[in-house]
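To keep things clear, I will list the structure first and then write my remarks on it.
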Amino acid sequence: ALSRARFSAEKGPIRCNELTNSVIQAINEAGGGFDYAEIVDQESLEPVEEIRSPVVFCVAAWFVKVRLIDNIEINV
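My numbering puts the first residue of the sequence shown at 383, with every later residue one more than the last.
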């Protein structure tokens, strides 16, 4: 899901809530539950609404009793 989000963001302007919603949907469809999904500035780690500079997409999700934490850099 994060790789798809990065690909979408690198294709052109996209609002962060669209990317976040698509990742949450993918987690839910896979039978998981999301803990958090946030896109933050790569340097300040402050949340962003639009991707205009390098960011990190951070996600935590639950699958049964396992909590998975992952992130991916998106460089535009």
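For each residue, glycine too, the CB sits at the ideal point set by N, CA and C.
Just so you know, these numbers come straight off a predicted model, no measurement behind them.
| message | DSSP has V448 in a bridge; who is on the other side? | response | Sequence index remark: in the sequence shown, residue 448 carries index 66 (1-based). Paired residue(s): F445.
| request: Buried or exposed for L401, please, with buried defined as at least 16 other CB atoms from any protein chain shown within 10 angstroms of its CB. | output: To locate residue 401, count along the sequence shown from 1; it is residue 19. With 16 or more other CB atoms across the displayed protein chains lying within 10 angstroms of its CB, L401 is buried.
| field | Same chain only: Cβ atoms within 8 Å of N453, ignoring 5 sequence neighbours per side | value | As a first step, residue 453 must be located in the sequence shown, where it is residue number 71. If the five residues before and after N453 are omitted, its C-beta is found closer than 8 Å to the C-beta atoms of L384, V438, F439, C440 and V441, all from its own chain and listed in chain order.
| task | Would you mind sorting A419 into buried or exposed? The rule is 16 or more other CB atoms within 10 Å of its CB. | result | Here residue 419 refers to the residue found at position 37 when the sequence shown is read from its first residue. Buried.
| Other residues of its chain near S390: CB distance less than 7 Å, five sequence neighbours each side excluded | If you number the sequence shown from 1, residue 390 lands on position 8. Within the same chain, S390 has close Cβ partners I396 and L401.
| For I451, which residues of its own chain have a beta-carbon under 6 Å away from its beta-carbon, when the five flanking residues on both sides are left out? | The residue you call residue 451 lines up with position 69 of the sequence shown. Counting only residues of its own chain and dropping the five nearest sequence neighbours on each side, I451 has a CB closer than 6 Å to the CB of A442.
| Close Cβ partners of F445 (< 6 Å) along its chain, the five nearest in sequence each way excluded | If you number the sequence shown from 1, residue 445 lands on position 63. Excluding sequence neighbours, F445 sits near G414.
| message | My parser needs the alpha helix (DSSP H) runs of 4 or more residues fully inside the stretch 389-439; what are they? | response | List check, alpha helix (DSSP H) in window: 398-411.
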